[in-house]
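Peer 1:
Residue numbers (the numbering used here), protein chains in the order written: chain A, 381 to 494; chain B, 75 to 189.
#1: So, for residue 387/A: in the same chain, excluding its five sequence neighbours on each side, which residues have a beta-carbon less than 7 Å away from its beta-carbon?
#2: Are the C-beta of residue 168/B and some C-beta of chain A separated by less than 9 Å?
#3: Counting only Cβ pairs nearer than 8 Å, list the residues of chain A close to residue 116/B.
#4: Note the first and the last residue of the continuous beta strand (DSSP E) segment covering residue 134/B.
#5: Anyone know if the C-beta pair for residue 117/B and residue 454/A falls short of 9 Å?
#6: Can you give me the start and stop residues for the beta strand (DSSP E) that residue 445/A sits inside?
#7: Take residue 418/A and list the residues in its own chain whose beta-carbon comes closer than 8 Å to its own, dropping the five residues that flank it on each side.
#8: Measure how close the beta-carbons of residue 107/B and residue 178/B come, nearest whole angstrom, since I'm counting them as under 8 Å.
#9: Closer than 7 Å, Cβ to any Cβ of chain B: which residues of the region 397-420 of chain A, in chain order?
#10: Checking the sheet assignment: what are the DSSP bridge partners for residue 467/A?
#11: Which residue wins for smallest C-alpha separation from residue 79/B, given the options 149/B, 97/B and 88/B?
#12: Give the range of the beta strand (DSSP E) segment to which residue 120/B is assigned.
#13: Going by DSSP, name the residue or residues bridged to residue 166/B.
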């Protein structure tokens with residue numbers, strides 16, 4: 381079975397400071413990893429994904445994520461947070477090899493303080 | 075930019091009633107999904123659908139649930155006899171492919187309230 385853990389329910393960061401939202405995963409075989417963002421009363425928006433290759437992947441709105449196979453982690457990062465980044469962030473995993481089910485973490489609320 | 079749309083945005087129904095939630099996936103996408111999110115909880119996979127049949131389903135997707143692609147554009151989720159615990163936000167998603175690392179594009183959701 382595949383699973384995702386987001387250990388922090390909420391992360392607070394001052395505007396302009398770097399931010400990190402943590403994610404660890406468990407899956408059989410090679411993972412496809414995703415980050416999505418959810419704004420209030422909206423659906424999930426895709427931010428970025430890891431397939432293979434470079435451990436640092438870049439995505440939308442200046443976000444990036446670092447894949448660490450040994451630690452089974454895929455932390456979301458941004459060098460300089462904006463107030464508009466405040467939202468709910470979901471990490472997700474899918475096993476490669478034909479399975480379509482995506483498993484989401486419980487979400488982390490990011491609050492950027494002006 | 076093409077997007078997934080869902081109707082209605084909010085549905086209120088009485089326990090035991092049937093509801094149909096509607097989705098229009100992105101036009102060139104071939105794989106379709108339903109997820110639900112109970113208030114304050116994580117997003118849970120319900121079902122995936124390809125080539126007019128279910129390709130995967132979760133343990134949540136029991137006999138009360140069914141999906142259909144009645145025409146070339148709509149994708150529906152039917153709950154035959156709603157329970158209080160079916161109250162949740164239901165998201166439709168679609169991807170252009172299935173087995174590769176395709177990100178899923180989500181609709182804005184339908185909030186289902188069962189009273």
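Cβ coordinates follow ideal geometry from the N, Cα and C atoms, glycine included.
Keep in mind it's a predicted model, so treat the numbers as computed, not measured.
Peer 2: So, to answer that:
#1: 402
#2: no
#3: 470, 484, 485, 486 and 487
#4: Run containing residue 134/B: none; DSSP gives neither H nor E here.
#5: no
#6: 444-448
#7: 424, 425, 467, 468, 469, 470 and 487
#8: 6 Å
#9: 412 and 414
#10: 490/A
#11: 97/B
#12: 117-124
#13: 108/B
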